[in-house]
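4 protein chains.
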Amino acid sequence: MATTVDRDTAKTSLTFADRYERVRQLSSTLCETLEPEDCCIQSMADVSPTRWHLAHTTWFFETFVLSKVDGFRTLKDNFSYLFNSYYNAVGAQFPRARRGLLSRPTVGEVRAYRDAVDERMRRLLTGDRFFADEDLQTIVELGLNHEQQHQELMLTDIKHVFSCNPLWPVYRQGSTAGSGVSSIGNGEGWRRFDEGIYWIGHSGNNFAYDNESPRHRVFLDAFQLAERLVTCGEYLEFMADGGYRRPELWLSEGWSNVCEHHWQAPLYWHLVDEEWREFTLAGLVRLDQQRPLCHVNYFEADAYARWRGARIPTEAEWEVASAQVPVSGNFVDLLLEQKRVLHPSVAPAARPQLAQMFGDVWEWTTSSYAPYSGYQPAEGALGEYNGKFMCNQYVLRGGSCATPSDHIRRTYRNFFPASARWQFSGIRLAR
Amino acid sequence: MATTVDRDTAKTSLTFADRYERVRQLSSTLCETLEPEDCCIQSMADVSPTRWHLAHTTWFFETFVLSKVDGFRTLKDNFSYLFNSYYNAVGAQFPRARRGLLSRPTVGEVRAYRDAVDERMRRLLTGDRFFADEDLQTIVELGLNHEQQHQELMLTDIKHVFSCNPLWPVYRQGSTAGSGVSSIGNGEGWRRFDEGIYWIGHSGNNFAYDNESPRHRVFLDAFQLAERLVTCGEYLEFMADGGYRRPELWLSEGWSNVCEHHWQAPLYWHLVDEEWREFTLAGLVRLDQQRPLCHVNYFEADAYARWRGARIPTEAEWEVASAQVPVSGNFVDLLLEQKRVLHPSVAPAARPQLAQMFGDVWEWTTSSYAPYSGYQPAEGALGEYNGKFMCNQYVLRGGSCATPSDHIRRTYRNFFPASARWQFSGIRLAR
Amino acid sequence: MATTVDRDTAKTSLTFADRYERVRQLSSTLCETLEPEDCCIQSMADVSPTRWHLAHTTWFFETFVLSKVDGFRTLKDNFSYLFNSYYNAVGAQFPRARRGLLSRPTVGEVRAYRDAVDERMRRLLTGDRFFADEDLQTIVELGLNHEQQHQELMLTDIKHVFSCNPLWPVYRQGSTAGSGVSSIGNGEGWRRFDEGIYWIGHSGNNFAYDNESPRHRVFLDAFQLAERLVTCGEYLEFMADGGYRRPELWLSEGWSNVCEHHWQAPLYWHLVDEEWREFTLAGLVRLDQQRPLCHVNYFEADAYARWRGARIPTEAEWEVASAQVPVSGNFVDLLLEQKRVLHPSVAPAARPQLAQMFGDVWEWTTSSYAPYSGYQPAEGALGEYNGKFMCNQYVLRGGSCATPSDHIRRTYRNFFPASARWQFSGIRLAR
Amino acid sequence: MATTVDRDTAKTSLTFADRYERVRQLSSTLCETLEPEDCCIQSMADVSPTRWHLAHTTWFFETFVLSKVDGFRTLKDNFSYLFNSYYNAVGAQFPRARRGLLSRPTVGEVRAYRDAVDERMRRLLTGDRFFADEDLQTIVELGLNHEQQHQELMLTDIKHVFSCNPLWPVYRQGSTAGSGVSSIGNGEGWRRFDEGIYWIGHSGNNFAYDNESPRHRVFLDAFQLAERLVTCGEYLEFMADGGYRRPELWLSEGWSNVCEHHWQAPLYWHLVDEEWREFTLAGLVRLDQQRPLCHVNYFEADAYARWRGARIPTEAEWEVASAQVPVSGNFVDLLLEQKRVLHPSVAPAARPQLAQMFGDVWEWTTSSYAPYSGYQPAEGALGEYNGKFMCNQYVLRGGSCATPSDHIRRTYRNFFPASARWQFSGIRLAR
C-alpha cells in the first residue's frame with residue numbers, strides 16, 4: 000500500500016504541545032459561527048449543548064491529567080458534577096437528559112475555563128516531567144482523541160438542534176463542488192475478497208482505543224463489497240418502491256419504529272412543494288441525488304440492503320477490505336480548509352479502488368458492538384470509556400465528513416444504537 | 000374606603016402612549032440581569048424561555064393591533080408561527096413543549112423585533128386614528144395587561160430555570176427588610192363576614208378580562224377569613240406533624256402526587272446540613288419562618304388547611320372580603336423601586352384590617368375556574384384568551400410580589416391547575 | 000307531585016334483611032350471563048374486573064360491619080389487601096391498575112366468600128343487637144348503597160371490557176321497544192325557572208351520602224332547561240358540521256384530547272361500511288338516532304352545547320328543576336324485569352313535564368365536584384368515601400339505565416373526571 | 000460420543016401422527032392444573048395468556064397446513080386476526096400488548112377449536128397425500144416445534160402471572176430430589192478447548208430452524224468453560240459483595256436498569272423475614288443455594304461473570320463444547336413423568352464431563368443474535384419466523400427445565416433481549 004499516508008507517523012512527528020494546540024483550536028473554530036443561545040440547547044436526550052461539549056472536554060484534561068499531576072483544580076468544584084459524562088469512578092453526574100436546563104456557566108465562562116486549563120496544560124506539555132511520564136502521555140493522547148470525538152458530536156448535535164427550528168438556521172456555508180457518479184448496477188461495482196483466516200484489530204505502539212484490541216484472528220467466508228456508498232438517488236428508488244410501507248423488508252423492531260414514528264424518509268429530508276429537500280449544516284437545500292445517503296439508522300440500512308438483494312458487511316469484512324485503500328477522504332478539517340460544505344461528497348467517477356471508505360459517512364456494519372476475543376478494558380476510571388457500552392449497539396466504520404482526519408484508523412470502531420439517525424451514517428453494500 | 004388608591008383612575012390619567020412605554024420598559028428591566036444563555040431555557044413544559052415571552056408579547060401587538068390597522072407585518076412570517084401561544088383562530092402554533100429547542104431568533108434579534116414594533120406602536124398611539132377607535136383602544140389595553148401577565152411569568156419561569164442549576168444562580172439581589180409577625184392562633188386573627196346575597200364580578204368602564212364579568216349575585220353563608228397569610232414557620236409545624244406522610248390530610252389526587260413525586264416540602268425548599276433553605280430570585284438563602292409561605296399548590300394548601308381544622312376560601316368570599324381593603328401591597332414594580340428582594344414580605348405586626356390581601360402571594364381558593372353566570376367570551380380570536388381554560392383549574396386571587404401593581408383588581412381571577420407549584424402561590428385560611 | 004313515588008318510604012318499608020337479600024341478589028343476577036374468563040379482565044385502569052367488584056362489595060360488609068361487631072374475619076387475611084379499594088385508614092391496598100393481573104381467588108372462590116359473608120350478615124340483620132344499634136344500621140345502609148354503585152360499575156366496566164374484543168360479545172339481549180320523539184328546535188322544548196334563592200342538598204333522616212349535605216342556600220339567575228336529552232341524531236349533526244375538527248368549539252384541554260386521541264365520535268360508535276353502529280350491552284347494533292346520546296365526556300358535552308348556542312346546566316339548576324318531576328325512569332332493575340335492553344330509551348313524544356330527568360343517562364353539569372358550604376365528611380375510614388375526591392371532577396345528575404331504581408335521589412351527586420367516557424353519560428342543554 | 004442418545008433418530012422413528020398426538024397432548028397436560036381465570040391474564044407485554052398460546056398454536060396448523068391443503072378454515076374468520084402473532088404476510092394482528100383484554104373465546108371455546116383442528120389434522124397426517132408431500136411434512140414439523148416453543152412460554156408466562164398475585168398460587172407441586180454439589184473454585188472446575196477453525200450450525204436432513212443454518216466455519220481462540228452452572232449460593236456471594244450497588248461491575252445499560260427498576264436480586268427472589276425465598280411453579284419456597292441460579296438477565300449474567308473475573312461464553316464456544324456431551328438433562332416432559340418440581344436441578348457431585356449443558360436453564364452467551372454467514376430465511380410467511388428478530392437480542396443455548404426433551408439440539412439458538420428475566424435463564428462461566 001505505497002500510496003497510504005501513514006497518519007500515525009504524521010501525528011507523532013508533531014509534539015504533544017503542538018497537537019494539543021491544533022485539537023483545541025479546532026473546537027474553537029467549530030464554534031465560531033455560533034451564537035451564545037445556540038450553545039445551550041439540548042434537542043433530545045442524545046444531544047448535548049455545544050457549551051457542554053466545550054466544558055466536558057476541558058473537564059477531561061483537568062480531571063485525568065492536571066489533577067493527577069498535583070491535585071490542581073482549575074475552577075469550581077461543581078464543574079466536576081456538571082461536566083462528568085459517565086465516569087462513575089470519578090463521582091456522581093448531573094443527569095444527561097437535563098444538560099439543556101443549564102444556562103450557567105455561560106459560554107464566556109466556559110471559554111475562561113478552557114483558557115485556564117489550556118494555560119496549565121501548555122506548561123505541563125512542555126515540561127520535563129511530562130516527557131518522562133509515559134502514563135501521562137497516554138492519557139493526554141486519549142484526551143486529544145476524546146476531544147476529537149466530541150468535535151464530531153458538536154457538529155451532529157448542533158445540526159439536530161438547528162433542524163428543530165422552522166427558521167432553518169445555517170451553521171456554515173460551503174462550496175458544493177463534486178464529481179459525477181456511474182451506476183452501481185454493473186458487475187464492476189463490486190470488489191471480491193477470498194475466504195480465509197484474517198487478523199483484525201489494533202497492534203503496535205500507536206494510539207488506539209482499548210476496544211480495538213487485541214489483534215486477533217477471524218475466519219471469513221468469501222465476500223464482495225460495493226465499491227462506493229449508496230446514494231440519495233438510489234435510496235429514492237427504494238422509497239418509490241414502497242420501502243417504508245413493506246414490513247417484509249424490515250427487521251421486526253425496525254418495522255415497529257417505522258409505524259410508531261411514521262418514518263417515511265431519512266432524518267432531515269423534507270418534501271417541500273413535492274420536491275425533496277435536505278436540511279444540512281448549510282441550511283435547507285435541494286436534495287442532491289448523486290451524494291451519499293446519510294442520516295439513516297441501522298434498520299433503514301438493513302431494509303435497503305434487503306430490498307437490493309444484498310446485505311451490509313460485518314465489521315471484520317470492512318476492516319479486511321480497508322487494508323487495500325489509504326486512510327484518506329473527506330474529513331472535517333480538510334473540508335474547512337477547502338471551504339467546502341460539511342456534507343458527504345459525490346464519489347469520484349473513476350474508481351481504481353474501493354471509494355469513500357474513509358470520511359463522508361460512517362458505514363453501518365451488521366456487527367453488534369462486542370468485546371474482541373481477549374479484550375481487556377483499561378485500568379481505573381478510563382476503563383469506563385468503551386467497554387461498558389458493549390450491548391445493544393452496532394459498529395460503524397470509516398469516519399465521516401464530521402470526523403477530524405487524524406482521528407480515524409482502519410481498526411476504529413464507532414458504535415451507536417440501531418435506531419440512531421442523527422450521526423452522518425450511511426450504507427455500503429456487501430454480499 | 001378613603002385610603003384606597005383608585006388604581007384605575009391612576010391608570011387612566013396616563014396616556015396610552017405613556018403606559019405603553021412604562022409597560023414595555025418593565026419587560027426590559029426584568030431582563031437586564033440575564034445573559035443570552037438564560038433566555039433560551041425551557042425547564043419544563045409549563046415554562047417558556049424569557050426570549051419567547053419577549054417575542055410573544057410583541058407578536059400580540061403586531062398581530063392584534065398593527066396588522067389590523069394596515070396589514071403591517073414587522074418581521075418574518077414564521078414569527079407568527081413561532082410566537083403564537085394558543086390562538087387557533089390566528090393559525091398554527093409551534094408546539095409549546097418545544098419552545099426550549101429554539102436558539103433563533105437570538106435575544107438580539109428579538110430585541111430588534113421589539114424595537115421595530117415599538118416604533119410603529121408609538122406612531123399609532125399618538126395618532127388621531129387611535130383616539131377615534133375605541134375597539135383599537137380596547138385591544139391595546141388588553142395587550143398591555145397581557146404583557147404584564149407575561150412579566151410575572153418571566154419571573155416565575157426564570158426562577159424555575161435557575162432552580163434546576165446546582166450552581167444556584169442569583170437573578171437579582173435585594174434588601175430583605177420586613178416587620179415582625181404576631182401569632183395567628185388567637186381569636187383576633189379572624190375577620191367575620193355575614194351571610195347574605197352579594198354582588199361579585201366586574202362592572203363599569205375600566206378594563207377587566209372577560210372572565211370577571213358579568214357582575215352577578217351569589218349567596219354566601221357567614222364566614223371568617225384569616226387576617227394574614229400562612230407563614231413558612233407555620234407550615235414547618237405541619238411538616239413536623241407528618242403533613243406529607245398522612246394520607247387522611249390530603250385529597251386523593253394530591254396524595255397520589257405526594258407518593259409519586261416524593262414531595263416532602265414546598266417547591267424550592269432544600270434541607271442543607273439539617274437546615275431548611277429556600278431558593279429565591281436572590282439565590283439560595285436560609286428559610287425565613289416569618290415570611291409568607293409560597294410555591295405550594297392547591298393540594299398542599301388544602302391539606303394544610305385541613306390539618307389546621309380550617310379550609311381555604313371560595314373566590315366569592317375572598318372578593319367580598321377584599322372590598323374592605325385598599326388594592327395595595329408588595330408588587331414587583333414597587334419592590335424594584337425600593338431595591339427590595341422579589342419575594343413575599345413579612346406581615347405587619349399591627350393589622351387594623353385584613354393584611355396581605357394584595358401582592359406577596361396569590362391566594363388559592365377552593366373555586367374551580369368556571370364561567371360566571373351569564374359569561375360571554377370576547378368576539379373572535381381574543382375570545383380564546385380566557386374561556387377555553389375553564390376546566391380543571393382553580394382560581395387564585397390578589398396578585399403576588401411578581402405582579403405589576405397596576406395590573407391587579409379585586410375582581411381579578413388568576414387560575415392554575417391544582418398541581419402547579421412554580422407560581423408565587425400561598426395560603427390564607429377561612430372557616 | 001302526586002305522581003311521585005316516594006322511594007325512600009318504599010325503601011324503609013322493607014326490613015334491612017329483605018333489602019340486603021335484594022341488593023345482593025341483583026349483583027348475582029348481573030353476573031349470570033358472564034363466563035369466568037369475563038370476570039378477570041381489566042381493560043383500562045378505571046375499569047375493575049367483575050370478580051373484584053363482587054369481592055370488594057363483600058369486603059366492605061366484612062370490614063365495616065362484621066369485623067366491628069365481634070372481630071370476625073370470614074376469610075383469608077390478604078383479601079383485605081386485595082379488595083380494599085382506597086381506604087387508607089383500613090390499610091394498604093393492592094394497586095388499582097394491577098387488579099387485572101389476579102386470577103385468584105377464582106370466581107368460584109369469590110362466590111364462596113360472598114356466601115360466607117352473607118350467612119353471617121343474615122344472622123346479624125335479624126338479631127336484636129342490630130335493631131338496637133343505629134350506627135350499625137347506618138353502616139349497613141351505606142354498604143347497600145355502596146354495592147348498588149358497584150352494580151352500575153359492573154355494567155359499565157364489562158361493557159368496556161367487551162368493547163375491546165373484535166368478536167363484539169353480547170352481554171345480554173333485550174327488547175328495544177321505544178316511542179318516537181319530536182324536534183327540540185321549537186320554543187316548547189325549554190322549561191323556564193325564575194331567579195331566586197333556592198335550597199339544595201339533602202336533609203332529613205333518609206339515607207344520603209355525606210357529599211349531599213348540608214342543605215344550604217344558593218342564588219340562581221333565571222334559567223331554562225331542555226325538556227329532554229340530546230339524541231344521537233342531533234349529535235350526528237354536530238359531527239357533520241365539523242364538531243370534532245373545530246377548535247373554537249372546545250375547551251383547550253378537550254381539544255388537546257381530541258387531537259391526541261383522534262376522537263371523531265362518542266365512545267363505542269363505529270363506522271362500518273359507511274354506516275354508524277354502536278356497541279351496546281346487546282352487542283354491536285345499528286345506531287338509533289332517536290335514542291339519547293351516551294358515552295360522551297364533559298368536553299364533548301360542553302362542545303356540543305356551545306355549538307348549539309347553549310350550555311350545560313349547573314348542578315344547582317338541575318336539582319331545583321328536578322323538584323318538579325317524580326324520581327322515576329328507566330333504571331337497571333326495571334329494564335331487567337321488563338326484559339328490555341340495558342340502554343337509554345327514546346323520550347316519550349308527549350312531554351307534559353321535563354322528561355328523562357332520572358334514569359337513561361347521567362347528565363353532565365358544569366359544576367366542579369366540591370364540598371357544599373358547611374360540608375363535614377363522615378368520621379373515620381368512611382370519611383374517605385367521598386370528600387377526598389373533590390378535585391378535578393365534574394358532577395353528573397339523575398342516574399342512568401345502569402343505576403338501580405332505589406339508589407337515586409334528587410340530591411344525588413355522581414362525579415367523574417372531565418375526560419371519562421365509559422359511563423352512561425349524556426347531555427341535557429340549558430341556557 | 001457413544002453415550003449420546005440420537006434424539007433426532009428417536010423422533011423420526013415415530014410417525015408424524017404419533018408425534019402430533021404427543022405434542023398436542025403435552026399442551027393439554029400443561030393446562031390441567033389451571034382454572035379458566037388463570038388462562039386469561041397478561042401480566043406484562045411479553046407474556047401471553049395461556050388461552051392465547053393454546054389458540055395460536057392451533058391457528059398455526061390451521062393457517063399454514065389445513066388452509067393450504069384445501070382452503071379449509073375450521074372456525075371463525077376473526078380468529079386469524081386474534082391469534083396471528085406476528086406474520087405480516089398472513090394479515091393484520093390484534094395488538095400483542097392487548098391480548099390480556101380478551102375474555103372470548105373462552106377456554107372451552109378454544110378447546111373446541113383445538114379439537115376441531117386436531118380432527119382434521121389427524122385425517123391429514125394419516126392420508127396418502129401427506130406422505131407424498133414433503134413441503135407439507137416440513138411445515139407440520141415446524142408446527143410441532145412451534146408448539147413446543149409455546150409450551151415453554153406457557154410455563155414461563157403462567158409463572159410470571161402467578162408471581163404478580165400476593166396469594167402466591169401453586170401451579171404444580173413436585174418432588175425436589177437432587178444431589179450435592181462440589182465447589183467450582185478449584186482447577187478441576189474448568190474444561191479446556193483448543194484454538195482452531197470449527198464448524199458450527201446445522202446440516203443434514205433432520206429438522207432445524209432456518210437460523211441454525213448454514214453450517215459454517217468460525218475461528219476460536221483457546222477457551223475454558225465451567226463444568227457446571229452458577230448456583231444460587233454463589234450468586235448470593237455476589238450480592239453480599241455489593242453486586243447490585245457497584246456500577247463498575249455492570250454494562251452501562253444494565254446499570255441504568257438496576258437504578259431505574261431498583262433490582263436487588265434475581266426475578267422471583269423475595270426477602271421474607273430476613274430469609275431469601277424464591278417463587279417457583281410450586282409456590283413460594285425457601286431458596287435452595289445448591290440449585291442453579293435462574294431468572295437472571297444478560298446484564299446480571301455479565302455483571303456476575305465480571306465480578307468472578309470471568310466472562311460468559313460465545314455461542315460458538317458453547318456449541319463446540321457441547322459436542323462432547325449427550326443431548327440429555329432435566330426437561331419438562333421428563334420432570335413431569337418423574338413427578339419432580341419444574342425447576343432447575345442440583346448438579347451431580349461427580350462430573351466426568353461438562354454437566355448441565357442441556358435442560359435446567361438456558362445459558363446466556365455473549366453473542367448477539369445475528370444471521371450466520373450465508374443465512375437465507377425460509378420462503379414466504381414462514382420466513383418471518385426467525386430472521387426479522389436478529390437485532391438487539393442475545394443468544395441462549397441448551398434448553399431449560401421448561402423445554403420438551405425432543406425439542407432441543409446442539410445447534411439450537413434461542414434469543415431474548417438483554418433485559419429479559421422471566422425465562423429460565425442462568426449462567427455458565429467461560430474464560
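Residue numbers (numbering that gives the first Met the number 0), protein chains in the order written: chain G, 0 to 430; chain A, 0 to 430; chain D, 0 to 430; chain X, 0 to 430. Ideal Cβ placement from N, Cα and C applies to all residues, glycine included. Predicted model only: the values in this text are computed from it and were never measured.
State yes or no: is the beta carbon of residue i nearer than 7 Å to at least one beta carbon in chain G?
i: residue 157 of chain A; result: no
i: residue 36 of chain A; result: yes
Helix, strand or coil: how does DSSP classify residue i here?
i: residue 199 of chain X; result: strand
i: residue 229 of chain G; result: coil
i: residue 183 of chain A; result: In this prediction, residue 183 of chain A scores a pLDDT of 46, lower than 50, which makes its location untrustworthy; no coordinate-derived value is stated.
i: residue 429 of chain D; result: strand
i: residue 421 of chain X; result: coil
i: residue 284 of chain G; result: strand
Using a Cβ-Cβ distance under 7 Å, would residue i count as near chain A?
i: residue 417 of chain D; result: yes
Let me see if you follow: with CB-CB separation under 7 Å, is residue i close to chain D or not?
i: residue 312 of chain A; result: no
i: residue 47 of chain A; result: no
Which whole-angstrom value is the C-beta distance of residue i and residue j, which I expect to be below 8 Å?
i: residue 51 of chain G; j: residue 83 of chain G; result: Incorrect: roughly 11 Å between the Cβ atoms, too far for contact.
i: residue 192 of chain G; j: residue 249 of chain G; result: The pair is not a contact, with the Cβ atoms about 28 Å apart (cut-off 8 Å).
i: residue 428 of chain X; j: residue 229 of chain X; result: 7 Å
Identify the contact partners of residue i in chain C, using a Cβ-Cβ distance below 7 Å as the criterion.
i: residue 220 of chain G; result: The question asks about chain C, but that chain is absent: this structure's protein chains are G, A, D and X.
Decide yes or no for the touch test of the region 320 to 332 of chain X against the region 355 to 365 of chain X: beta carbon pairs closer than 8 Å, at least 3 of them. yes
Which residues, in order along the region 85 to 105 of chain X, keep a beta-carbon less than 9 Å from a beta-carbon of chain D? 93, 97, 99, 100, 101, 102, 103, 104 and 105
Check whether the region 210 to 219 of chain A touches the region 209 to 223 of chain D, taking contact to mean three or more Cβ pairs, one atom from each stretch, closer than 8 Å. yes
Counting only Cβ-Cβ distances shorter than 7 Å, please list the residues of the region 190 to 218 of chain G near chain X, keeping chain order. 196, 215, 216, 217 and 218
When Cβ atoms are compared, which residues of the region 342 to 361 of chain A fall closer than 9 Å to chain D? none
Could you tell me whether the region 284 to 301 of chain A touches the region 408 to 425 of chain D, using the rule of 3 or more Cβ pairs below 8 Å? no
Should the region 398 to 412 of chain X be called in touch with the region 372 to 380 of chain X, which here means at least 3 C-beta pairs below 8 Å? no
Residues in the region 387 to 402 of chain D with C-beta within 8 Å of chain A's C-beta atoms, listed in sequence order? 387, 388, 389, 390 and 391
Proximal residues, the region 234 to 254 of chain X versus chain G, C-beta separation under 8 Å: 246, 247, 249, 250, 251, 252, 253 and 254
Contact between the region 246 to 262 of chain G and the region 296 to 313 of chain G: three or more CB pairs below 8 Å? yes
Count the CB pairs spanning the region 169 to 176 of chain X and the region 106 to 113 of chain D that are closer than 8 Å, and state whether there are at least three. no
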